[in-house]
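Worksheet: one structure, shown below.
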Amino acid sequence: MTLANPEAEAGIICGVLHGRPEEQDRILKALTPRDFHTPAHEDIWATLKAMQAEGRVIDGITVMSGLAKHGHQNHQALIPDIMTMGTPAVSALAYAKDVKDLAVRRNLQAMGTRVQQLAEAPDATPAELAAIAQQELDAAYTAEEETKTHAQDHVTAVLSDLEDPTPPQGIQWPYRDAQRILAPMQGGQYIVIGARPAVGKSVALADIARDAAIRQRKTVVIFSLEMSSQEYTRRMIAAEAGVRFKNMQSKTLTPADWDKITPAAERIAQAPLHIIDDVSCTTADIRSRVRELKADLIVLDYIQIGTMDPADKDRRQALEKYSRSLKIIAKSFNIPLCTAAQLNRNAASPDTPPRMSDLRETGALEQDADVIILLHRPDQEQPESPRAGEVDYIVAKHRNGPTGTITLAAQLHYTRFTNLAHQGEPK
């Protein structure tokens, strides 16, 4: 297959030179200069794009001076022949799709060559190669879709949605108390749960994953970067069954414990739940597994130990790029992504709830996240606190929603949080 069509490229240029201004805008938006295979056509297209940006009239006469201005006067001789093709604008738009397709194929071909060369480099690790390959794939095709911008289009869509009697869809939070403030998780949301070490970040994430998979039948993919899959599963069974985790660790289980464990384990086994404990998992791996498993929810535990781009030597910049990549994953797959983040160790005392500015190492999380929840346990350093056994679920950021604090029961002996008013209910 020939990955170039010079005649179509010339026809597209002809369509611009003969088209009305609104037709020219649509055609010029469809392609970049690099989409053209013929160097002369690439230069002419770059000139046309520059003339458009300058607000100049574009036709067979003005393009001559445009080419001279931008240093491409050697291509002026091609214009008369291109003009005689007589390609209408509607045909030029059709040709543009073909030329774009060929450009993508050439990019993919070149990408394959670059990845092959990298694969032969002895100092490149498989994780680095996968990350580079994913970046190359993402860059190979950037579709410029026609997007609706007029307010009338958006008003029509909003009114249509309001008239639909179907309740808002999404993934509910696992605690009824939290649902008073937090709307269901929506596609594209990037949710961060922050806490100091040992407060319960993993517990909070596991509660979300377990409830979504077991009770809401959502396909959940957990990327456990700190615990093994078996350890994560053991904790989930304890939480679902309401059995002391210490007894499971020591294997000192009573018959009553087994009566709870067996059905709880069956519920987890039958749930659409996937746990991946690859500590070298990159954002490219996350994309691949989410696509393969058709996930409804991504859970990443936790962000500061994620595998970042080895080329980023500055830790803050690497974390900012990683956070941004996670947000893009949530938006591109249109599913919520929940992750945890550590707070600075000196961020909160028993008397001082944490703040968003306490998020460790970078402010990017505060900017990128749609929802930020900060966990605070008053009894962590004061076991005799009158609030022993409680955890504050502080909704510090809630895009398009209210903020506030929900107090939950911290049943850490069961590795779970639950509603204060319903502590006996396995959640």
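No gaps in the numbering here: position 287 of the sequence shown is 287 in full-length UniProt numbering, and each next residue is one more.
Each residue gets a CB set at the ideal place from its N, CA and C atoms; glycine is no exception.
Given this structure, state the Cα-to-Cα distance separating residue i from residue j, to the nearest angstrom.
i           : j    : result
M111        : V104 : 10 Å
Q216        : T339 : 19 Å
T38         : P6   : 6 Å
V395        : D259 : 37 Å
K294        : P386 : 45 Å
A330        : A53  : 33 Å
C281        : L225 : 8 Å
E22         : I61  : 19 Å
Q317        : L365 : 12 Å
I406        : L359 : 20 Å
E146        : T32  : Caution applies to E146, whose pLDDT of 47 falls short of 50 and renders its modelled position unreliable; the value that the coordinates give is listed next. Computed Cα separation, rounded: 15 Å.
T142        : L48  : Confidence in T142 is poor, its pLDDT being 48 and thus under 50, which makes the residue's placement unreliable; the coordinate value appears in the next sentence. Near 20 Å, if we compare the C-alpha coordinates of L48 and T142.
residue 509 : R315 : Here the chain has residues from 1 to 427 only, and residue 509 is not among them.
M236        : A206 : 7 Å
M227        : L319 : 21 Å
Give the secondary structure of residue i by DSSP, where H, G and I count as helix, E and B as strand, and everything else as coil.
i           : result
G11         : helix
T405        : strand
V90         : helix
S202        : helix
N5          : coil
E145        : Note on E145: pLDDT 44, under 50, position unreliable in the model; no value is reported.
T32         : coil
residue 451 : Given a span of 1 to 427 for the chain in the structure shown, any question on residue 451 remains unanswerable.
I335        : coil
A50         : helix
T73         : Correcting the residue type first, residue 73 is Gln in the shown sequence and not Thr. Helix at Q73.
L253        : coil
H413        : helix
H37         : coil
A68         : helix
V371        : strand
A103        : helix
A340        : strand
R210        : helix
What do you reckon, are the CB atoms on residue i and residue j nearer than 8 Å?
i    : j    : result
R416 : A239 : yes
K100 : D161 : no
D370 : R399 : yes
M85  : A4   : no
D301 : F223 : yes
L374 : P354 : yes
D368 : K327 : yes
L408 : D177 : yes
V290 : I208 : no
G404 : I44  : no
L129 : L118 : yes
G187 : N334 : yes
Between which residues of its own chain and residue i is the CB-CB distance below 8 Å, once the five residues before and five after are set aside?
i    : result
E144 : With a pLDDT of 43 at E144, under the threshold of 50, the modelled position of this residue cannot be trusted, and the question is left open.
L253 : V243, N247 and I261
L17  : I58, D59, G60, V63, I79, I82 and M83
S229 : I275, I276 and D277
A68  : Q76
G200 : L375, R377, V391, A410, L412 and F417
T233 : I268 and I275
Excluding the 5 residues preceding and the 5 following residue i in the sequence, name in chain order all residues of the same chain whose CB lies nearer than 6 Å to its CB.
i    : result
I12  : A92, Y95 and A96
M185 : G170, I171 and P336
A212 : I171, K218, V220 and L297
L273 : A213 and V220
A204 : I193
D164 : none
H154 : none
Q189 : P336 and D370
Q179 : W173
Go to residue i, then tell me how far its alpha helix (DSSP H) extends in each direction, as first and last residue.
i    : result
S229 : S229 to A241
F245 : F245 to S250
V299 : Careful: V299 lies outside any alpha helix (DSSP H), inside the beta strand (DSSP E) at L297 to D301.
I79  : I79 to M83
Q382 : Looking at the DSSP string, Q382 is not in any alpha helix (DSSP H), and its letter there is neither H nor E.
I286 : T283 to L293
L359 : Run containing L359: none; DSSP gives neither H nor E here.
Q365 : The residue you asked about is not Gln; residue 365 is Leu in the sequence shown. A364 to D368 is the extent of the alpha helix (DSSP H) around L365.
Which residues bound the beta strand (DSSP E) around residue i?
i           : result
residue 428 : No answer is possible for residue 428: it lies beyond the span of the chain, which begins at 1 and ends at 427.
V220        : V220 to S224
residue 433 : Because the chain in this structure spans residues 1 to 427, residue 433 falls outside the shown range and cannot be described.
R416        : R416 to N419
V57         : No beta strand (DSSP E) contains V57, which DSSP labels as neither H nor E.
I276        : L273 to I276
Hey, would you say the C-beta of residue i is under 7 Å away from at least one heavy atom of the ligand ZN?
i    : result
F223 : As presented, the structure is devoid of all ligands, the ligand ZN included, so that no description of it is given.
When you compare the CB of residue i with every CB in chain C, is at least one pair closer than 8 Å?
i   : result
I79 : No chain C appears in this structure, which consists of one protein chain only.
Going along the chain, which residues of its own chain have a beta-carbon closer than 7 Å to the beta-carbon of residue i, five neighbours each way excluded?
i   : result
V73 : The question names Val, yet the displayed sequence has Gln at residue 73. Excluding sequence neighbours, Q73 sits near L67.
G15 : I27, T87, P88, A89, S91 and A92
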